[in-house]
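Protein chains: 4
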Amino acid sequence: MPETIIKVDLTQSPYENDMVHNRWHPDIPMVAWVKPGEDFVIETYDWTGGFIKNNDSAEDVRDIDLSIVHFLSGPIGVEGAEPGDLLVVDLLDVGAKPESLWGFNGFFSKKNGGGFLTDHFPQAQKSIWDIEGMFTRSRHVPGVSFAGLIHPGLIGCLPDHKLLETWNRREVDFIATNPTRVPPLANPPFAATAHMGRLAGEAKATAAATGARTVPPREHGGNCDIKDLSRGSKIYFPVYVPGAGLSMGDLHFSQGDGEITFCGAIEMAGWLHLKVDIIKDGVAKYGIRNPIFKPSPITPNYRDYLIFEGISVDEWGGQHYLDVHVAYRQACLNAINYLTKFGYTPAQAYAILGTAPVQGHISGVVDIPNACATLWLPTEIFDFDINPGNAGPQKMITGDIDVPLAPDL
Amino acid sequence: MPETIIKVDLTQSPYENDMVHNRWHPDIPMVAWVKPGEDFVIETYDWTGGFIKNNDSAEDVRDIDLSIVHFLSGPIGVEGAEPGDLLVVDLLDVGAKPESLWGFNGFFSKKNGGGFLTDHFPQAQKSIWDIEGMFTRSRHVPGVSFAGLIHPGLIGCLPDHKLLETWNRREVDFIATNPTRVPPLANPPFAATAHMGRLAGEAKATAAATGARTVPPREHGGNCDIKDLSRGSKIYFPVYVPGAGLSMGDLHFSQGDGEITFCGAIEMAGWLHLKVDIIKDGVAKYGIRNPIFKPSPITPNYRDYLIFEGISVDEWGGQHYLDVHVAYRQACLNAINYLTKFGYTPAQAYAILGTAPVQGHISGVVDIPNACATLWLPTEIFDFDINPGNAGPQKMITGDIDVPLAPDL
Amino acid sequence: MPETIIKVDLTQSPYENDMVHNRWHPDIPMVAWVKPGEDFVIETYDWTGGFIKNNDSAEDVRDIDLSIVHFLSGPIGVEGAEPGDLLVVDLLDVGAKPESLWGFNGFFSKKNGGGFLTDHFPQAQKSIWDIEGMFTRSRHVPGVSFAGLIHPGLIGCLPDHKLLETWNRREVDFIATNPTRVPPLANPPFAATAHMGRLAGEAKATAAATGARTVPPREHGGNCDIKDLSRGSKIYFPVYVPGAGLSMGDLHFSQGDGEITFCGAIEMAGWLHLKVDIIKDGVAKYGIRNPIFKPSPITPNYRDYLIFEGISVDEWGGQHYLDVHVAYRQACLNAINYLTKFGYTPAQAYAILGTAPVQGHISGVVDIPNACATLWLPTEIFDFDINPGNAGPQKMITGDIDVPLAPDL
Amino acid sequence: MPETIIKVDLTQSPYENDMVHNRWHPDIPMVAWVKPGEDFVIETYDWTGGFIKNNDSAEDVRDIDLSIVHFLSGPIGVEGAEPGDLLVVDLLDVGAKPESLWGFNGFFSKKNGGGFLTDHFPQAQKSIWDIEGMFTRSRHVPGVSFAGLIHPGLIGCLPDHKLLETWNRREVDFIATNPTRVPPLANPPFAATAHMGRLAGEAKATAAATGARTVPPREHGGNCDIKDLSRGSKIYFPVYVPGAGLSMGDLHFSQGDGEITFCGAIEMAGWLHLKVDIIKDGVAKYGIRNPIFKPSPITPNYRDYLIFEGISVDEWGGQHYLDVHVAYRQACLNAINYLTKFGYTPAQAYAILGTAPVQGHISGVVDIPNACATLWLPTEIFDFDINPGNAGPQKMITGDIDVPLAPDL
């Protein structure tokens, strides 16, 4: 039985667990060391550290202080790893904590983080998804269930000081271009809620002042939210500091491409079973700038899709130049509108696109002025037939249930 | 044997074939009528109407007048189709013309259209791909071969006058925001090279003056360049004019997501075997704004991928806000750099990404400020192993061959 | 365009085409020579040489003289191929003759060949399947259509004299154990209907007297009827005679595992696009006794199956020892019975199992005394839902159409 | 968290656990009751109840008393289930016991059970496979690892008295046709080692005298050893007694089609997470004789196979009539011989075929006199390339390790 080198107690605040941190900084001390070739287990909190509850109110989604996220387990030192190496991580398995077989999905209030479709869903909403073995189903979104494509939303190695400075300068400068925007353009360092792991005293205060927020994906990987980086996959991470310092968290039971609901996928507390190895000097040998990975041999095999197209003309008629973000938003809005014909509320449809294994493809990015993006919705996840036909759509969903909403105060 | 209702002679100029057109306009007369439930065959030119030749010079790619594209076969009238209906099109099969078993891929000069990576590849280059049954291989790009995911890059129904006006106003206004840009923001109507099918005389002149260019994908579908809209798939198109007026062309033997090389995928002349049907009033019943489709049950099954990540920090360090276009460009540049370690020139690597069935996924679009996109490169298409390992990359490609380049004059 | 090195004229008797033969014998002269690395096209008759017609009567299936089959195109000489080499054959593509876009399926009378379920279907029956692009549908079997997994039922190299003698002795001795059995245990050489290609005169008579019948699969491959040896696959054949002598025919548009209807799959005339190469001394190097092959990267992706189990207790209660043949027959009978609940006649259900891409798995062969076999029926090929449910099966097929039957005379 | 309604303690003899039984008999009392729609967890012993150990000796495989198997957990009563209903079982998940992350594979001595290739491997041998997350690897079989396709080898409902009598009469009569055969034709009831669950006293003795052995698959399912009946699949079982009486065990981490090594797949102790439901009168409605099932949406996606053919001519030249058992044996022997060219011992190669997700297809069963079977070996499970090529096979396996063998005493 592999050793569990990081444990988390879901009844305890993550701030009290010194094997957890919520900022990126090279000075955060390793909490455990492993050898290349070893396999081991790590437990993690959900990304909010337990703030979001399994209930029927979205008030917690509305009220959360987003400066506290993400609670990561680590950093783990790998013996012999040096800057310039590639750290090879096998995600041997990932799962939910047995005492916590559920996850949440939600949309933040536009005033508190927003999300991909925040102009259409400006208020906080939340759905709860029960995990039944390899499958999930929600009491707030009837008529749909699917197999989990379980993955860590966030995983990567500690940056060195130089990389950290690059990040901070880049993002702080960017915020300065529109500092009052709601939601903001980016999140600067914020010491008040920083959890710097085993750093203490002055060293902690110093590091907390410049520790990079965990929200965006960056050169080291980090919060990539790639649904296919799932259990069974193999990842090659650039190493920046001696020992690598691998940290991870933000586990998802399932997510659609884009994580368009932002809060988030089906978010859960859980564990990862990992094996690590090293390719010496791999960064230069292979010309690696961002992590690369190989997919799992075991993934859900849904193959009957209904595919929605979107182009970079926005929902108000505005023309954008080869903008895939706008094009994918149109494809998502098209899919939501389609699903409402079967009785779903827009919020339920949005929750499905955020949680189910939908694919988002960059289909065309050169045909000026319009990008084309496609959203692939697996039809097999529905309890009824959603294909178009001569009879027209049947209202299979009665509308007496919806995703709980918490109005802004 | 199904009837071939539109024939093309590749030795003849497409301007001499009155069953072909290269602009979108509701007044273009139907060239043939079919009944719902019927299946039939249509032949098409390659998108340039034969301008690009099977040789080892990129001068034709450099010199092409892009105002002549795309040469489409149609429009086909479907009996009983009315505005508001959905036209259901089964792509029963698609193939190359037997006398023309090759295709081309290229990058335009930045002065003449450019492309996704035009800042990195500013000059015209061209590769030729031989079609051997279900597979292709290029004398300009050694060490790689793959099965074709054959599809029409461009297919859709005629717009009505109102929709046409929306397009023209939207795009002309957009061009006006930066009229001297190279490459341009969009392409306005251009009568000089318009081919309006069977329209003649004054009617032709009038329509040519406002006929929409065929370059961008739009509400009706059009030049979507979706690689998965392949033979065997089923598409639901909005109908705008009586009879629908279905036209198509721009056949691709294979393409990567994004068609990042712009000129283009593996471009070929060929034929389509189609069946059409109608869902009455389907646009309103299903809330359709853009076409939707279902994938083919027969597609290449490559599943061992090497996946490259990109984030919306550009190659010069610039920060962009959740910009998937920038993120995908980084993923592409990362993959190109990786492939050069095995001996490919950057141009060869770029050509592989434009032609092979690579997937481009919108992985994360909410984690401010960085979008995350992934490029999935199937490893099985290479004659050698491209996976990372302790031994480092082997230079399997000797570098004595490259993709022909034609310098700007 | 690859050269067509063997042509067939479907309006001509195959006996008049000297590039065709219907027996295996080392003395049959090569009809064409190709070089390793070359690709070329071969045309073939359907296995009966045109005897079975596209009509609504099964009399031809009842009356056929089975000693005439199979009409093979070849043998093709490969320069440099010697006994002990492996001949590598790439099936670049396979298709139907454009002037003959249909195929047939049938069950022989028990008196004339029978078939897997001849005790249940003792009379001749026939269904016609129309080929519509990549798909097929039958006017005799409503409610079902599927993509073709096109393949040659029969392909292999000429035996040498020693191997031929082994075959003849083995099978003649076997017939002698029960010479009056109906259907027979095997088919001995039969000169009267032999077509020995370009052999003539005495040489022909001598060879015809001992030429092996083409019915069974043997060491060289031959009539394996493996549905997955489809277009796009790569096969490694043992070579027995100088030049290899590759012959093939018996094209199938689609077939279920087992080819249980015997007459046969969806049988058609067509063409193959091939490329050949040689692995010198490959038989000994790799210890090859029978051909081996790699599957195509392009195949139908049906994945939602209803799976029927069968065990080696026969339909009359008899116990058999680990007999997979009996077990698979039970699985087939179970599937047929199930399909009748939706309105199909047993003959229609049998035809579906013979033609659609059903899988037959050897599931357990060690749990004495019962083997377990499974039949995988893809649910997606039906126009309606065949899954079990609380509502019970709906009679979607009205029963006014059946597979034509020709009573024994 | 679902309730675990049957627990097993691996340190305790299964004979001491009254929620376990090793015979089929209608009188075995239910050990727990569940409601339709409920999900719950069941733990199981490995099929030998812990007799086979994680060590490097095959003596336990040689010495085991096979009359003790299989130790099943159950029977479970389902409220409302009546004879003639279909019991719908969702295998929500299946896994190994966390304290026992390993499994065994072996071949029995020909004197004690034998196996599919017992004439070639007449002595007891054993390999141990470590479970690392979703993957497995063996210290006795280097160079190969694969993802688990976890499944219960044995699952089914209690027979009623009439069905039990049919079984006993059928098999006892069969044994009588050759009572001294080694291995035997079948296994008769055997009271001495019977574990009848909660039956006690005279009732136990009576039932033990006629309780059917658990070895063969039968009408109710039972020991089908179908690798694809894996976690995530849905099964429809005929119900024979009030409450159904569902029992299961014999968990496999992975198995090849046929379970040709007999002892067995990768055998392990573990748990199942199940949900049950009922289709009233489903047996008659759907004409069900044996269980039917639908595959899991999550399974290993290996798709690059090397496929070996076998025909029904045995390894000594003997001719058999359409015998799939013989044909599959030849395909297996061909694959074993091929793998030895890369350095594997025959026993290691045999162990790979018994444990890895190889497919066994019934390819042709009508071409008299030869059946054709194919064995599909996934190439991706090997650490090196096993495809044929001009360079010939490389001896990647050095031969200093083998599968432990215990000679007959």
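Residue numbers (UniProt numbering), protein chains in the order written: chain A, 1 to 409; chain B, 1 to 409; chain C, 1 to 409; chain D, 1 to 409. Backbone N, C-alpha and C fix where the C-beta goes; we use that ideal spot for every residue, glycine too. Here the structure is a predicted model, which means the values were calculated and not measured.
Boundaries of the alpha helix (DSSP H) in which residue i is found, first to last residue
i: C/PHE174; result: 161-175
i: residue 417 of chain D; result: Summary: the structure shown does not reach residue 417 of chain D, with chain D confined to residues 1 through 409, and so no result is reported for it.
i: C/ALA265; result: Not the alpha helix (DSSP H): C/ALA265 falls in the beta strand (DSSP E), residues 263-267.
i: A/ALA349; result: 346-355
Reduced DSSP secondary structure (H/G/I, E/B, other) of residue i
i: C/ASP130; result: strand
i: A/LYS97; result: coil
i: D/LEU377; result: strand
i: A/ILE279; result: strand
i: C/HIS325; result: helix
i: B/ARG218; result: strand
i: B/GLY245; result: strand
i: A/LEU10; result: coil
i: B/LYS341; result: coil
i: A/THR206; result: helix
i: A/ILE155; result: strand
i: D/ALA335; result: helix
Residues bridged to residue i (per DSSP)
i: A/TRP271; result: A/GLU43, A/GLY95
i: C/MET196; result: C/HIS21
i: D/VAL88; result: D/TYR236, D/ASP277
i: D/LEU409; result: According to DSSP, which records beta bridges pairwise, D/LEU409 is partnered with nothing at all.
Rounded straight-line distance, which links the Cα of residue j to that of residue i
i: D/LEU333; j: A/LEU377; result: 44 angstroms
i: D/ASP130; j: D/SER254; result: 12 angstroms
i: B/PHE71; j: A/ASN105; result: 47 angstroms
i: A/ASN55; j: A/ARG62; result: 14 angstroms
i: residue 432 of chain D; j: D/ASP173; result: Since the first residue shown for chain D is 1 and the last is 409, residue 432 of chain D is missing from the structure and cannot be characterised.
i: C/SER145; j: C/GLU99; result: 21 angstroms
i: D/PHE108; j: D/VAL8; result: 26 angstroms
i: C/ASP119; j: C/PRO183; result: 11 angstroms
i: D/GLY364; j: D/GLY256; result: 20 angstroms
i: A/ASN301; j: B/LEU306; result: 19 angstroms
i: D/ASP367; j: C/PRO188; result: 13 angstroms
i: B/ILE381; j: C/CYS263; result: 38 angstroms
i: C/GLU38; j: C/GLU3; result: 10 angstroms
i: C/TRP47; j: C/GLN359; result: 23 angstroms
i: A/ALA209; j: B/GLN330; result: 30 angstroms
Outcome for residue i when other beta-carbon atoms lying within 10 angstroms are tallied against a minimum of 16
i: C/HIS25; result: buried
i: C/MET30; result: buried
i: A/PHE384; result: exposed
i: D/LYS204; result: buried
i: C/ILE284; result: Correcting the residue type first, residue 284 of chain C is Ala in the shown sequence and not Ile. Answer is exposed; the Cβ neighbour count stays below 16.
i: A/LEU409; result: exposed
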